[in-house]
Amino acid sequence: MNRDTESMQCRPPAVAGAFYPGDPLALSAMVSELLAAAKPMSLPHQPKAMVAPHAGYIYSGGVAAHGYRSLQPYADEIRRVILLGPNHRVPLAGIAAPDVSCFRTPLGDIEIDQEMISQLADKGLLQINSLPHHQEHCLETQLPFLQKLLSNWQLVPLVVGETAADDVAALLEEVIHEPGNIVIVSSDLSHFHEYHEAQRIDNHTSELIETLQPVIHPQQACGAFPLNGLLQLAGRMGLRVITLDRKNSGDTAGGKDQVVGYASYAFV
């Protein structure tokens with residue numbers, strides 16, 4: 001298949017019916033309920049960036065909803081979402097953007113900003129590689145929240161493999177200052193520790209994030225590579241991190257013997 005033909009395609013949902021409902025009405029109702037249940041937090045300014053978790057909605061959807069609820073006052077101003085998350089399925093070095101025209105969820109199609117992707121690729125800041133996106137859930141799980149929240153917007157979806165914080169920060173610096181843009185990093189926290197041990201680990205990780213220290217390890221947060229790039233740039237920009245919500249699967253829908261941590265943060 002040549003590039004021109006592939007670029008006309010829409011990336012179909014990979015985890016609809018598993019991580020979130022595959023039925024459009026059920027999905028719309030679930031996201032609306034999660035947003036309505038989230039306690040609104042008034043932010044001093046429109047966030048430049050946000051971090052949100054990406055597990056199944058019964059586990060992390062409430063924590064993610066706290067992040068997206070905080071964006072509601074600014075929804076009409078957001079025109080482009082630069083969405084970054086880790087590679088769970090395919091080995092990857094660097095940052096990969098897909099060669100497709102849209103991403104599809106049960107709620108509809110989202111237009112990809114192919115022009116911005118081409119500009120970033122021309123500057124050597126990312127590679128065009130659809131393979132890491134085919135079965136990846138970390139970006140897809142954010143999309144129904146964004147679809148319920150935003151209108152008239154475009155998506156720049158990026159899977160980030162093993163990548164230096166400097167390289168991620170260089171890409172983000174190209175996009176974060178433009179009005180109407182927001183950067184969202186998709187990441188969970190620690191994985192499969194006993195409840196109290198997970199709390200201890202996640203407390204430390206959260207302190208590093210809140211103090212803008214780009215030294216997060218993948219064992220602390222699966223999205224460590226994009227997260228460290230954001231933290232590095234946020235430190236240079238003088239941004240402040242506000243923790244919007246933090247729980248683990250033992251608090252939501254799972255047992256306490258092996259839990260996964262979740263948190264939402266706003267960068268203002």
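Okay, so the sequence shown: first residue is 1 according to the numbering used here, each after it adds one. Just so you know, even glycine gets a beta-carbon here, dropped at the ideal spot from N, CA and C.
Legend entry - Candidates L146, A97, I184, P47, of which the one nearest L239 by Cα: P47
Legend entry - C-alpha distance - R3 paired with D188, whole-angstrom precision: Low confidence applies to R3: its pLDDT is 37, below 50, so where it sits in the model is not reliable, and the reading given next is rough at best. Their backbone Cα atoms lie some 33 Å apart in a straight line.
Inset, instruction - Determine whether the Cβ of A221 lies closer than 9 Å to any Cβ atom of chain C. - result: In the structure shown, chain C cannot be found, because there is only a single protein chain.
Inset, instruction - With a cut-off of 8 Å on the beta carbons, I'd call V156 and V81 a contact; round off their distance for me. - result: 7 Å
Legend entry - Sequence-distant residues of its chain with Cβ nearer than 7 Å to L227 (five each side left out): V51, V185, S187, I216, A221
Legend entry - Same chain only: Cβ atoms within 7 Å of L244, ignoring 5 sequence neighbours per side: M41, H66, G67, S70, S264, Y265, A266
Legend entry - Complete alpha helix (DSSP H) runs within the segment 8 to 50 (minimum length 4 residues, chain order): 24 to 37
Inset, instruction - Give the straight-line distance between the Cα atoms of G22 and A49, rounded to the nearest whole angstrom. - result: 28 Å
Legend entry - Cross-strand partners of A65 (DSSP beta bridge): Answer by DSSP bridge pairing: none, since A65 is not bridged.
Legend entry - Close Cβ partners of P53 (< 6 Å) along its chain, the five nearest in sequence each way excluded: S60, V63, A64, D188, Y262
Inset, instruction - Thinking F192 and L143 are a contact (beta carbons under 8 Å), I'd like their distance in whole angstroms, please. - result: At roughly 26 Å, the Cβ-Cβ gap does not stay under 8 Å, so F192 and L143 are not in contact.
Legend entry - Closest residue to L120 among A234, H45, G94, P73 (Cα-Cα distance): G94
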